[in-house]
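Note sheet for the following structure.
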Amino acid sequence: MSKYSYYTDGAATMKQENGKYVREAGGWAFVLLIDGCEDSIRFGGCPLTTNNEMELYAMYASMKDFLLKSQSGDIIEIFSDSAYCINIFTQWAAGWQKRGWKKSDNKPIQNLKIIKSIWDLMGEIRNNSCILNFIKVKGHSSNKYNDEADKLAVDAKMDAFKTDKTTYFDENDGLLGKKSKYVD
528 MSKYSYYTDG AATMKQENGK YVREAGGWAF VLLIDGCEDS IRFGGCPLTT NNEMELYAMY
588 ASMKDFLLKS QSGDIIEIFS DSAYCINIFT QWAAGWQKRG WKKSDNKPIQ NLKIIKSIWD
648 LMGEIRNNSC ILNFIKVKGH SSNKYNDEAD KLAVDAKMDA FKTDKTTYFD ENDGLLGKKS
708 KYVD
């Protein structure tokens, strides 16, 4: 049994234009330790995105990576400095699913496509008899691996801005597809 510890992060910039938030470039990244030893990093970016979408995509990419590498009984830990993203999967998503993927106030769920994709991956992880834990870490607080994931995400954001290209974990997933400039 191995323990896979993924330190995930997302970075994006947004500005206001005519009273609306405007999507700008963002980046995602993870740093993987297996049984406490540094193993690998992955990162990418998107020219039109939000910080939450990049945080979520980093979680998605880490779960995809885990499913490619793990065996039955392995443990996956996802470390994130985003309380919002952790709360989605530890507190809210089960209720949203029961209500047909709607919030209790019937308002739409932002980033629903990627949230549902992560939810499906969580099911695959559990079906493989693996243990999944989400762990909140404080951002920008000298946590070596969180800081490294943050730097990689920021660098990927800058690359997405310069190249105007999206970099996925898996080129076939399409989760970061075409978006309007304006945030809904």
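Start counting the sequence shown at 528; every next residue gets the next number (our numbering). No residue lacks a Cβ here, since even glycine has one placed at the ideal position from N, Cα and C. In this text the structure is predicted, and so the values were computed from the model without any measurement.
Checklist line | In chain order, each alpha helix (DSSP H) run of at least 4 residues that lies wholly inside the stretch 631-683 | finding: 639-654
Next item on the list: Within the same chain, show all residues whose beta-carbon is closer than 6 Å to that of E604, passing over the 5 residues directly before and after it, in chain order.
Entry: Hits under 6 Å: S532, N660 and I662.
Notebook entry, point to check: M718 lies in the beta strand (DSSP E); which residues open and close that run?
Noted result: Given that the chain is displayed from residue 528 to residue 711, the structure contains no residue 718 and the question cannot be resolved.
Checklist line | Cβ-based neighbour list, I602, same chain, cut-off 6 Å, excluding 5 preceding and 5 following | finding: K530 and I658
Margin query: Taking the beta carbon of E698 as the centre, do at least 16 other beta carbons fall within 10 Å, making it buried, or is it exposed?
Written below: Classification of E698: exposed, given that the 10 Å Cβ count is below 16.
Notebook entry, point to check: Are the beta-carbon atoms belonging to Y584 and N673 less than 8 Å from one another?
Noted result: no
Note to self: I'd like the span of the beta strand (DSSP E) that includes I615, first residue to last.
What the structure shows: Unbroken run through I615: none, as it is neither H nor E.
Check: Opposite E698 in the DSSP bridges: which residues?
Finding: None, per the DSSP bridge assignment.
Note to self: For a quick check, are the C-beta atoms of D677 and A538 less than 8 Å apart?
What the structure shows: yes
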